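Undergrad:
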Amino acid sequence: MRHTNATIRHATRNILLIAACFALLFPANAYGQEDPAQAEAEPILTSKRIRLSYIDPTRCMSILSLYGVRVGSAGKPADLKSLPVVHALPSTKHHDTLPKQDTTFPQTETDPINELIIFYDANQPAQYSRIVQIIEEQVDLPARQIIIEAMVLELSSTALRELGVQWELNQPGAGNFFSEKTVTGGSTPLLIGNIAYPAVDTAAQLDLTTTNIFHEFNTRLRALVQSGSAQVLSRPSVLTLDNRMANINVSEQIPIAKSRFLSNGNFASVDFSNITAGIQLAVRPRINSTGSEVSLQINASVTAKVPNSDLEIKDNNGNVIASSPTLSVREVKTYTRIANSTPFIIGGLIAQDSQRNAQKVPLLGELPVVSNLFKSQQNTSLKREVIIVITPFVLPEDQNTALAKHIPQDKDDFDSFGNQLHRDGYRIRAEDTFDLGYLRENRQLRKVQRIVDELVGLNRDLLSKYPYNSFAQGSIPGESILVHRQIYEVIKRRSMDRHLQADNLIFFEPDENIGAGFEVQFLEKFVKTHKLSLNSKEGGHKALALTYTLRRFSDGLEDILKEPVPQVQIVDCEDKKSWRKQLWELNQPDKDGALRHTVLLRNRDDLERLKRAIVMKQTIELNNPEEILSLKSFNRGRLLSMPSIKKDDIELIDADVARCFFYSEHYYQALQKAVETDIDALRTEIGEDKLAGL
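Numbers given in our numbering equal positions in the sequence shown, counted from 1, plus 101.
Take a look at the structure:
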């Protein structure tokens, strides 16, 4: 019996050992049983649409395929086994801007165009992030911008000679575009751009110096214009993109009448057609890789009516029945390559006008034989030359400074106030923006931004999450605080709160009569009741504190109507120093961590600050807070929509006004705290090792 039990134990041990080995060699899922870990990793099909900013969807798809990105076919569903995959949204004919006149008005579609849709596995957000990163950094890139300035001048024959003397006698040397270089025999070559013709030696054939280029020439031109010898016909400018055609047309339509008569000679009808006369300039610029040179394809045409040269058709009685003007057309088509911001002159568009003026004594000038004694005839000839000066200006790729040369000047003329139907507008000046180089160029901050951008590149969902959104894509923690202060300076400098009356300011107080809700309290009445010195310049020893606790993000139903009602306190406040200290303390989170904003009023200056804070809040709301509270958006030249304040308007003091009040004073301290808070939150989120040394 003992032998039998030992045999059984030995056999059982062998069976368990074999079973364990079998389990290692053939896992459970090999027999059709689902492994829990693998079940969680099954692809979950999801999609997101992305809008292309610059490139056409078809070209974008072609370029993405070069990066190895799987591109889907139209009408073919996404395959779970082939994720990620990119599809271009189908186009539609209903996106036409204007219908043709001979067709019915098309249906209207208001969905976005130029979009792609990316299908990817929700368990692997890096699939989506990688494609978006390729599109943003390598594919969907903006073309460089360039401004083409043109000046069209007309010079008389006298001015031509004067200007020609300047060309011939200009001293040779660096920067002289029209240099005095002669060929063998003493003749002066014709200079076309920087190239001399006929060809001379190598040194004289090409003049590439650009120092002080056209300085004397431009000076002489200005003198001729001032003296009346030259006339500026047009000075247009146009902003265009690299390698895109820009067309400037400054012309007039000359009507031509066409009469029709019946076979019996009776009048039938008159038709009119137009002939275009004026200046037409088409330029296609191409910028080199460094932006230092511009290749230009130029088509310039100057068309003018020739005086006293109309073609006339007369009947048997000498009456004019039809006429057509004679036009002079001067046209240049050329290619050139010049340095950035360098003028290029197109000359030689010469026209010669001939005029015949006849004068005679009435009656006596008609007598035969002796009529010549009583009449005179004068023939005049005027030679005119049209010169076109084209100057390209390549704009820097930094959007904040790209249009610095061509934005309006800091003058009131470019503001828009006193409108009857539209909002008032204020154009931001240079004095309204802070010099923030110490922030943008801070090495530690830029290091954090690079780290966050790398993380966002792996998971685009982080772009909208705190604290990543405080650093991603060049964002600066607390930058909205700086914008608040800049808007405050605009309001203060322009006295935009002057129509706001202090006795029309209200706040809410709990209704003690019914023990629920709140009642309206006028600030002026409350101040008089409690004998506060808000209307004096020095103020008293007491201050009114209206503290609002932010509850808009609370999940409790009981907090829905609590935020507009402040905690009202009358606190001791001896002087300005005490006021600043208490204002800072009362705007810190409470003991439960809830955010608070406080208005602290002690004297007349505080009351004026409160009025500006109300206007500041309204200004921010009018200009889309998510956009205007960014340093990238608040820049020189932007038109800021401003609220219209009337003397009878009743204005409510709330938490947003209290925040504006606080930021108008402690903006720098609040910025410093925001930076420290966001960096600490980022450390907690991604780990101390990635932010070591900060």
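Virtual Cβ for every residue (Gly too), placed ideally from N, Cα, C. Predicted model only: the values in this text are computed from it and were never measured.
(1) How many Å lie between Leu696 and Phe762 at the Cα?
(2) Please return the same chain residues whose Cβ sits closer than 8 angstroms to the Cβ of Asp691, not counting the five positions on each side in sequence.
(3) Where in the stretch 684 to 766 do unbroken runs of the beta strand (DSSP E), each at least 3 residues long, occur, reported from the N-terminal end onward?
(4) First and last residue of the beta strand (DSSP E) that includes Glu860?
(5) Considering only the beta carbon of each residue, do Glu353 and Ala378 sit closer than 7 angstroms?
(6) Can you check which of these residues, Ile780, Asp755, Ala756 and Gln574, is closest to Glu238 by C-alpha distance?
(7) When the Cα of Lys512 is compared with those of Tyr527, His523 and Asn520, which residue comes out closest?
(8) Decide if Ser230 is buried, meaning its Cβ has at least 16 other Cβ atoms within 10 Å, or exposed.
(9) Using a Cβ-Cβ cutoff of less than 8 angstroms, which residues in the same chain neighbour Asn560 once the five nearest sequence positions on both sides are dropped?
(10) Would Lys712 and His600 be called neighbours here (beta carbons separated by less than 7 angstroms)?
(11) Where Phe609 and Gly173 are concerned, what is the direct C-alpha to C-alpha distance, given to the nearest angstrom?
(12) Excluding the five sequence neighbours on either side, which residues of its own chain have a C-beta within less than 6 angstroms of the C-beta of Ser634, listed in chain order?
(13) Since Thr699 and Leu723 should fall inside the 8 angstroms C-beta cutoff, what is the C-beta to C-beta distance between them, to a whole number of angstroms?
(14) Do Ala440 and Glu394 count as a contact pair if the criterion is CB distance below 7 angstroms?
(15) How long is the line joining the alpha carbons of Phe572 and Arg551, rounded to whole angstroms?
(16) In whole angstroms, what separates the C-alpha of Ile607 from that of Leu753?
(17) Considering only heavy atoms of the ligand MG, does any lie closer than 6 angstroms to the CB of Arg784?
(18) Bridge partners for Leu146 per DSSP, in chain order?
(19) To the nearest angstrom, report how far apart Val430 and Arg361 are at their CA atoms.
(20) Can you tell me whether Ser679 is helix, strand or coil according to DSSP?
(21) Is Phe515 helix, strand or coil by DSSP?
(22) Does the stretch 730 to 741 come close enough to the stretch 657 to 672 to have 3 or more Cβ pairs within less than 8 angstroms?
(23) Can you tell which of Thr193, Ala142 and Asp673 has its C-alpha closest to the C-alpha of Ile214?
(24) Under a three-way DSSP split, which group does Lys359 fall into?
(25) How about Asp376 and Ile355: are their beta carbons less than 7 angstroms apart?
(26) Can you tell me which residues form a DSSP beta bridge with Thr435?
(27) Please report the residue range of the beta strand (DSSP E) in which Pro611 lies.
(28) Which of the three DSSP states, helix, strand or coil, is assigned to Lys663?
(29) Could you tell me the distance, in whole angstroms, from the CA atom of Pro185 to the CA atom of Val170?
(30) By how many angstroms is the C-alpha of Met162 removed from the C-alpha of Ile232?
(31) Is it the case that the Cβ atoms of Ala347 and Ile249 are separated by a distance below 7 angstroms?
(32) Could you tell me if Asp673 is buried or exposed, where buried requires 16 or more neighbouring beta carbons within 10 angstroms of its beta carbon?
(33) In the DSSP assignment, the alpha helix (DSSP H) including Gly526 goes from what residue to what residue?
(34) Exposed or buried, Val333, counting other C-beta atoms within 10 Å across all chains shown (16 or more means buried)?
(35) Could you name the residues that DSSP lists as bridge partners for Ile446?
(36) Quick one: what's got a C-beta closer than 6 angstroms to His188's C-beta in the same chain, skipping five residues either side?
TA: Put simply:
(1) Between Leu696 and Phe762, the C-alpha separation is close to 15 angstroms.
(2) Here the set comprises Thr650 and Arg697.
(3) DSSP runs (the beta strand (DSSP E)) wholly in the stretch 684 to 766: 697 to 702 and 740 to 743.
(4) Here the chain comprises residues numbered 102 to 795, so residue 860 is not present and cannot be evaluated.
(5) Judged by their CB atoms, Glu353 and Ala378 are nearer to each other than the 7 angstroms cut-off.
(6) Taking only the C-alpha atoms, the option nearest Glu238 is Gln574.
(7) When only C-alpha atoms are compared, the closest one is Tyr527.
(8) Label assigned to Ser230: buried.
(9) Result list for Asn560: Pro226, Ala227 and Ser230, in chain order.
(10) Note that the C-beta distance between Lys712 and His600 is not below 7 angstroms.
(11) Using only the alpha carbons, I get a separation of about 59 angstroms.
(12) The answer, listed in chain order, is Gly640 and Gly641.
(13) Cβ atoms of Thr699 and Leu723 stay farther apart than 8 angstroms, at about 25 angstroms.
(14) Taking the C-beta atoms as reference points, Ala440 is found nearer than 7 angstroms to Glu394.
(15) Computed Cα separation, rounded: 9 angstroms.
(16) Cα-Cα distance, rounded: 5 angstroms.
(17) Ligands in the displayed structure: none, and consequently the ligand MG is not present.
(18) In DSSP, Leu146 forms a bridge with Asp222.
(19) Looking at the backbone, the Cα of Val430 and that of Arg361 are separated by about 29 angstroms.
(20) Three-state result, Ser679: helix.
(21) It is helical.
(22) By the C-beta criterion, the stretch 730 to 741 is judged not to be in contact with the stretch 657 to 672, since fewer than 3 inter-stretch pairs fall below 8 angstroms.
(23) Ile214 has its Cα closest to that of Thr193, out of Thr193, Ala142 and Asp673.
(24) Lys359 falls in the strand class under three-state DSSP.
(25) Position check: residue 376 holds Ile in this sequence, whereas Asp was assumed. Yes, these two residues count as a Cβ contact at 7 angstroms.
(26) For Thr435, which the question treats as bridged, DSSP gives the partners Ile399.
(27) Segment Leu606 to Pro611, the beta strand (DSSP E) holding Pro611.
(28) Coil, per DSSP.
(29) Rounded to whole angstroms, Pro185 to Val170 spans 8 angstroms at the Cα level.
(30) Each residue's alpha carbon lies about 11 angstroms from the other.
(31) In contact: Ala347 and Ile249 (Cβ atoms closer than 7 angstroms).
(32) Label assigned to Asp673: exposed.
(33) Counting along the chain, Gly526 falls outside any alpha helix (DSSP H), though it belongs to the beta strand (DSSP E) covering Asp525 to Arg528.
(34) Counting the other Cβ atoms within 10 Å of the Cβ of Val333 gives fewer than 16, which makes it exposed.
(35) Beta-bridge pairing by DSSP links Ile446 to Val490.
(36) The beta carbon of His188 is closer than 6 angstroms to those of Gly173 and Ile218 in its chain, skipping five residues each way along the sequence.
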